[in-house]
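Asks: Residue numbers (our numbering): 5 to 299.
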C-alpha cells in the first residue's frame with residue numbers, strides 16, 4: 005500500500021501539487037526547524053524545501069541507525085549518490101529522492117552541494133572526527149551551510165543566473181554548532197565527540213574523560229567557550245541575511261533558534277539534564293522571525 009499523500013501545495017491557479025507523506029514525515033521528525041520554515045514558504049516552493057529537509061534528515065538518520073556497521077552506512081550513502089547522479093528522465097521510485105532530483109532540475113541546484121553533504125556525513129561515524137576548529141567549520145559549511153544556501157536558491161535568492169550566490173557559511177556555522185551543543189549529551193552517549201580535539205586539550209580534558217562522566221564544570225566551560233564562538237557566527241549570519249530578498253529569508257528561519265539552543269545547552273551543562281526546548285517555543289520563535297524579522 006502506498007503511503008498517504010498530503011495535498012497542501014498549490015501551483016498556479018486551480019492546480020494542486022501533492023507532497024508525499026514520506027517527505028513530510030522525514031522532514032518533520034529529522035529537521036523540525038526546516039520543516040516549520042517550509043510551512044511558512046510560498047506554496048510553490050514548499051514541497052522542494054521539504055525535499056531538501058527530508059534528504060538531510062535521511063542522511064543523518066543513516067549514521068544514527070548503523071553506528072556499529074559503518075559498511076551499511078556507506079552502502080546507503082552510496083545509494084543516495086547514485087540517485088542524485090541519475091539522468092533527469094530516470095526515476096528511483098523513492099519519493100524523497102525523486103522529489104529532490106526534481107527540485108535540482110527546477111531550480112538549477114548544484115548536485116555537487118548535495119554530494120558534498122553526503123561526504124561530510126561520514127564524519128558522523130567517527131568517534132572523534134574534528135581535529136581542530138577548521139575541521140569542524142568545514143563540516144558545518146558542507147552540511148548546514150549548504151542546506152541554507154540551497155533553500156535560499158529555491159526561494160529565488162540566488163541561482164539560474166540571478167547573480168552572485170548567497171553564502172550560507174556564517175549561518176551554517178552558527179546553527180550547526182548550536183545544534184551540536186544542544187545534542188551534545190546524546191552524541192556522547194553514542195560514543196561520538198562532536199567537538200574539536202584542540203578545544204578539549206585547551207580545557208585539560210581527554211576524549212575518554214568526556215565520554216565517561218564529565219562534570220558540570222567541564223561541560224559548562226566547553227559549552228561557554230563554543231557558545232561564544234557560535235554567537236560570533238550568528239552576528240555574521242544576521243548581517244548576511246540582510247542581503248537577501250525578504251522571501252528568501254524563509255530558508256534561514258532556523259537561525260531564530262540559535263540563541264534558544266545555546267541557553268538550553270548552558271542550562272543543561274550546569275544541571276546534568278538533557279538539553280531541549282519546548283515545541284511551542286520552537287514554533288513561536290520561527291513565526292516571530294518570519295513576520296517580525298526578529299532573529
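We put the CB at the ideal spot given by N, CA and C, even for glycine.
From the DSSP output, in three-state form, read off residue 23 for me.
Replies: To locate residue 23, count along the chain shown from 1; it is residue 19. Looking at residue 23 - three-state DSSP - the assignment turns out to be strand.
Asks: So residue 290 packs on residue 257, CB below 8 Å; how close in whole Å?
Replies: Position 286 of the chain shown, counting from 1, holds the residue named residue 290. Position 253 of the chain shown, counting from 1, holds the residue named residue 257. Between residue 257 and residue 290 the Cβ distance is about 5 Å, and since that is below 8 Å, they are a contact.
Asks: Can you give me the Cβ contacts of residue 9 inside the same chain, cut-off strictly under 8 Å, excluding the 5 residues immediately before and after it?
Replies: Numbered from its first residue, the chain shown carries residue 9 at position 5. Any answer about residue 9 is weak, because its pLDDT of 45 lies below 50 and its placement is not dependable; what the coordinates show is given next. Cβ within range, chain order: 22, 23, 24 and 25.
Asks: Assuming contact is defined by CB atoms lying nearer than 9 Å, are residue 27 and residue 100 in contact in what I supplied?
Replies: As a first step, residue 27 must be located in the chain shown, where it is residue number 23. As a first step, residue 100 must be located in the chain shown, where it is residue number 96. Result yes, Cβ atoms of residue 27 and residue 100 sit closer than 9 Å.
Asks: Of all the options 67, 229, 263 and 45, which has the alpha carbon lying nearest to the alpha carbon of residue 199?
Replies: Residue numbering aside, residue 199 sits at position 195 when the chain shown is read from its first letter. Considering only alpha carbons, the answer is 229.
Asks: Examine the Cβ distances between the segment 168-177 and the segment 229-246 and report whether three or more of them are shorter than 8 Å.
Replies: yes
Asks: Terminal residues of the continuous alpha helix (DSSP H) containing residue 108?
Replies: Position 104 of the chain shown, counting from 1, holds the residue named residue 108. Run containing residue 108: 99-111, per the alpha helix (DSSP H) assignment.
Asks: Under 8 Å by Cβ, that's how I've got residue 211 and residue 276 pegged, so tell me the actual separation to the nearest angstrom.
Replies: Position 207 of the chain shown, counted from the start, is the residue given in the question as residue 211. Position 272 of the chain shown, counted from the start, is the residue given in the question as residue 276. In fact, because the Cβ distance is near 19 Å, the residues do not count as touching under 8 Å.
Asks: On the premise that residue 248 lies in contact with residue 161, defined as a C-beta separation below 8 Å, what is that separation, rounded to the nearest angstrom?
Replies: Within the chain shown, numbered from 1, the residue matching residue 161 stands at position 157. Within the chain shown, numbered from 1, the residue matching residue 248 stands at position 244. Sure, about 5 Å apart at Cβ, within 8 Å.
Asks: Would you tell me roughly how many angstroms separate the C-alpha atoms of residue 150 and residue 118, rounded to the nearest one?
Replies: As a first step, residue 150 is located in the chain shown; it is residue number 146 there, counting from the start. As a first step, residue 118 is located in the chain shown; it is residue number 114 there, counting from the start. Counting only the Cα atoms, residue 118 lies some 8 Å from residue 150.
Asks: Which whole-angstrom value is the C-beta distance of residue 55 and residue 104, which I expect to be below 8 Å?
Replies: Here residue 55 refers to the residue found at position 51 when the chain shown is read from its first residue. Here residue 104 refers to the residue found at position 100 when the chain shown is read from its first residue. Indeed they touch by this definition, with Cβ atoms about 5 Å apart.
Asks: Just to confirm before moving on: does the CB-CB distance between residue 135 and residue 82 stay below 9 Å?
Replies: If you number the chain shown from 1, residue 135 lands on position 131. If you number the chain shown from 1, residue 82 lands on position 78. Taking 9 Å as the Cβ cut-off, residue 135 and residue 82 do not qualify as a contacting pair.
Asks: Can you tell which of 91, 158, 208 and 34 has the C-alpha that lies nearest to the C-alpha of residue 46?
Replies: Stepping through the chain shown from its first residue, residue 46 is reached at position 42. Closest option to residue 46, Cα to Cα, is 158.
Asks: Buried or exposed, going by whether 16 or more other CB atoms sit within 10 Å of the CB of residue 34?
Replies: Position 30 of the chain shown, counting from 1, holds the residue named residue 34. Burial call: buried.
Asks: Residue 49: buried (16+ other C-beta within 10 angstroms of its C-beta) or exposed?
Replies: Residue mapping note: residue 49 aligns to position 45 of the chain shown, counting from 1. Taking all protein chains shown into account, residue 49 has 16 or more neighbouring C-beta atoms within 10 Å of its C-beta and is therefore buried.
Asks: What separation, rounded to the nearest whole angstrom, lies between the Cα atoms of residue 266 and residue 185?
Replies: To locate residue 266, count along the chain shown from 1; it is residue 262. To locate residue 185, count along the chain shown from 1; it is residue 181. Taking the straight line from one Cα to the other gives about 7 Å.
Asks: On the criterion of 16 or more Cβ atoms from any shown chain inside 10 Å, does residue 296 qualify as buried, or is it exposed?
Replies: Mapped onto the chain shown, residue 296 falls at position 292. It counts as exposed.
Asks: At what residues does the alpha helix (DSSP H) containing residue 220 begin and finish?
Replies: The count along the chain shown starts at 1 and reaches residue 220 at position 216. First-last of the alpha helix (DSSP H) with residue 220: 220-245.
Asks: Whole angstroms is fine: what's the gap from residue 207's alpha carbon to residue 235's?
Replies: Position 203 of the chain shown, counted from the first residue, corresponds to residue 207. Position 231 of the chain shown, counted from the first residue, corresponds to residue 235. One C-alpha to the other measures close to 20 Å.
Asks: Residue 197 by DSSP, collapsed to three states: which one?
Replies: In the chain shown, the residue the question calls residue 197 occupies position 193. Here residue 197 sits in coil by DSSP.
Asks: Could you tell me the boundaries of the alpha helix (DSSP H) in which residue 287 lies?
Replies: Working through the chain shown from its first residue, we reach residue 287 at position 283. Counting along the chain, the alpha helix (DSSP H) containing residue 287 begins and ends at 283-296.
Asks: Give every residue of the same chain whose Cβ lies closer than 6 Å to the Cβ of residue 189, excluding the five residues on either side of it in the sequence, and list them in chain order.
Replies: As a position in the chain shown, residue 189 is number 185, starting the count at 1. Contacts found: 278.
Asks: At which residues does the alpha helix (DSSP H) containing residue 69 begin and terminate?
Replies: By one-based count along the chain shown, residue 69 stands at place 65. Unbroken alpha helix (DSSP H) run through residue 69: 47-69.
Asks: Tell me which same chain residues have a C-beta within less than 6 Å of the C-beta of residue 238, skipping the five on either side of it?
Replies: Within the chain shown, numbered from 1, the residue matching residue 238 stands at position 234. Only 178 and 262 meet the Cβ criterion.
Asks: Alpha carbons only, please: which of 102, 231 and 85 is nearest the one belonging to residue 124?
Replies: Taking the chain shown and counting its residues from 1, the one referred to as residue 124 is at position 120. That would be 85, whose Cα lies nearest to the Cα of residue 124.
Asks: In three-state terms, what does DSSP make of residue 90?
Replies: For the purposes of this step, residue 90 is identified with residue 86 of the chain shown, where counting begins at 1. Looking at residue 90 - three-state DSSP - the assignment turns out to be coil, as it is neither helix nor strand.
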